[in-house]
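Numbering (the numbering used here), first residue to last: 379 to 751. Beta carbons: idealized from backbone N, C-alpha and C, even for Gly. One structure is given here, and the rest of the page talks about it.
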Amino acid sequence: MNKNFEIKIPFYICLLTGIFTWLIIIITVSYTYHYSPHKNYYFYFTRSLINWDAIWYIKIAIEGYSVDRMVVFFPLLPLLIKIFHFIIKDYVWSGLLISNVSRIIAAIFFYNLIKTEYNKEIASKSLILWSISPANIFFVNIYTESLFFMLCCLFFYFLKDKNFLLAAIVAGFISSTKNIGFFISIIFIFEYIRICVVNKKFNIFRIMFLSFISFSGLIFYSLFLKIKYNDPIYFLNAQELWHFRHNFSYPFYALFNSIVNIKSYFSTTINEKKTIFSFLYTLLSIFFAFYGFKKIKFFHYLFFILIIITLSFQPTLMSNFRYFSGIFTFWVIAAIIFNRYIKTKLLILTVCFILLITQIYVILRWFAWLWVA
Numbered sequence: 379m380n381k382n383f384e385i386k387i388p389f390y391i392c393l394l395t396g397i398f399t400w401l402i403i404i405i406t407v408s409y410t411y412h413y414s415p416h417k418n419y420y421f422y423f424t425r426s427l428i429n430w431d432a433i434w435y436i437k438i439a440i441e442g443y444s445v446d447r448m449v450v451f452f453p454l455l456p457l458l459i460k461i462f463h464f465i466i467k468d469y470v471w472s473g474l475l476i477s478n479v480s481r482i483i484a485a486i487f488f489y490n491l492i493k494t495e496y497n498k499e500i501a502s503k504s505l506i507l508w509s510i511s512p513a514n515i516f517f518v519n520i521y522t523e524s525l526f527f528m529l530c531c532l533f534f535y536f537l538k539d540k541n542f543l544l545a546a547i548v549a550g551f552i553s554s555t556k557n558i559g560f561f562i563s564i565i566f567i568f569e570y571i572r573i574c575v576v577n578k579k580f581n582i583f584r585i586m587f588l589s590f591i592s593f594s595g596l597i598f599y600s601l602f603l604k605i606k607y608n609d610p611i612y613f614l615n616a617q618e619l620w621h622f623r624h625n626f627s628y629p630f631y632a633l634f635n636s637i638v639n640i641k642s643y644f645s646t647t648i649n650e651k652k653t654i655f656s657f658l659y660t661l662l663s664i665f666f667a668f669y670g671f672k673k674i675k676f677f678h679y680l681f682f683i684l685i686i687i688t689l690s691f692q693p694t695l696m697s698n699f700r701y702f703s704g705i706f707t708f709w710v711i712a713a714i715i716f717n718r719y720i721k722t723k724l725l726i727l728t729v730c731f732i733l734l735i736t737q738i739y740v741i742l743r744w745f746a747w748l749w750v751a
């Protein structure tokens, strides 16, 4: 870290936006508590937070992979929850602590990475847009989004500084956080070999060693799956155990299908499976991919494109909302567009207001057990 590394600005932005999100959460839970049969507010509050995937991360932390379908959830977050539980003695608060601390660290490194690679204005706007995004509920709750975002920012920060050992170690953690994490390992190997060729210092042993470290999370998880289920890629094959998912479809099939049935997104009916946010974020990501070409750093762009292509093979758009929200490149391109076209204070405040109102709507849906991702 150099003397220009800033902590206060990103810390306070992240803290204030986090307080806003938690205030909405507390108000929502407190209001619904009056209509609940539960007498214990603490129990009701913590139970209300454990929705959707958060349930599975807690169960894995407590029981391990006791049910086959659990293997689609990668092990780093449950493992950290298990470790923190030894200190805090509460699985829910362990998970919440990990996510919220990760969010703050992510904000600090995200800001400094973008400030160095682009400029301070893009860094500030990227951070603000990410911090007030409608998907903020996933970053303060027991999901992998904050952890993954933090690790990705750390990785690209260390890669920028050519600190390859630390970058490889972080890449190893990323590969055990999400199934899309292995793209980071590929980027690491590509960049490290390129630097070796440029510097004419081609040490095959060091390349193999660092490559192994960068893939270590995925390697050890696959080894575990091979021993337990005799299938090293069971985290992919187990997708079929979830009734709304299958392994793969034709590229962009889900998007085309959504466009054909676009009327369903504009119905006034409140239903559990409404995925308008995933639809909009998928469209935005594709637009950003075209707009951001040659405007952002090569590896930032490559990471973004690889994610878009991978998610295009999903049979549905479910969860694309939080997937794309957790890719920092999305917010960098958004900030570049914001910086160019949205200049007046009124427009800036309007966009921020819309994002915050949408965030409130997402939180309300979340606590009503309605699909938001």
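Cβ atoms of residue j and residue i: under 8 angstroms apart, would you say?
i, j, result
"N490", "Y521", "no"
"S472", "V518", "no"
"I714", "I500", "yes"
"E495", "K606", "no"
"N429", "W747", "yes"
"S511", "S697", "no"
"F681", "F561", "yes"
"F389", "I466", "no"
"L633", "T660", "yes"
"I741", "V729", "no"
"S627", "L695", "no"
"L765", "F613", "Absent from the structure is residue 765, since the part of the chain shown begins at 379 and ends at 751."
"A546", "L596", "no"
"F533", "I552", "yes"
"P610", "F691", "no"
"T406", "F668", "no"
"A439", "P456", "yes"
"F580", "C574", "yes"
"V470", "L401", "no"
By the 10 Å Cβ neighbour count, where 16 or more other Cβ atoms means buried, how is residue i classified, buried or exposed?
i, result
"I558", "buried"
"D446", "exposed"
"R572", "exposed"
"C531", "buried"
"Y435", "buried"
"N514", "buried"
"T707", "buried"
"E523", "buried"
"K641", "exposed"
"S408", "exposed"
"F665", "exposed"
"K556", "buried"
"F526", "buried"
"F731", "exposed"
"F578", "First, the amino acid is wrong: residue 578 is Lys here, not Phe. Exposed: under 16 other Cβ atoms inside 10 Å."
"K493", "buried"
"F655", "buried"
"V638", "exposed"
"L543", "exposed"
"F488", "buried"
"F464", "exposed"
"L725", "exposed"
"F516", "buried"
"L454", "buried"
"L537", "buried"
Going by C-alpha distance, which of the options is nearest residue i?
i, options, result
"F423", "A432, D431 and I403", "I403"
"S592", "L658, I385, S563 and I726", "S563"
"I368", "I597, L662, V750 and I674", "As shown, the chain starts at 379 and ends at 751. That puts residue 368 outside it, with no answer to give."
"V710", "L734, L689, F677 and T688", "F677"
"A485", "Y719, G442 and L394", "L394"
"Y701", "T736, F731, K493 and L658", "L658"
"S554", "S600, F398, Y739 and S524", "S600"
"W620", "Y411, N639, M448 and I585", "M448"
"Y420", "D468, F398, N581 and L543", "D468"
"I565", "K578, V576, G550 and R425", "G550"
"I391", "K493, Y443, V470 and K503", "K503"
"D539", "F731, Y570 and T736", "Y570"
"S480", "F699, P629 and G396", "G396"
"N497", "K723, Y739, N382 and T688", "N382"
"T688", "R743, Y631, L724 and Y669", "Y631"
"Q737", "F398, F464, K386 and N380", "F398"
"P693", "E618, I735 and L727", "E618"
"M528", "I705, N717, L733 and L727", "I705"
"A712", "K673, Y739 and K723", "K673"
"R718", "E384, G670 and H412", "G670"
"L474", "E441, N418, R425 and L537", "R425"
Can you find a C-beta in chain C that's less than 8 angstroms from the C-beta of residue i?
i, result
"K538", "The structure shown has no chain C; it contains just one protein chain."
Assess, as a yes-or-no matter, whether the region 506-513 is touched by the region 452-460 under the definition of 3 or more beta carbon pairs within less than 8 angstroms.
no
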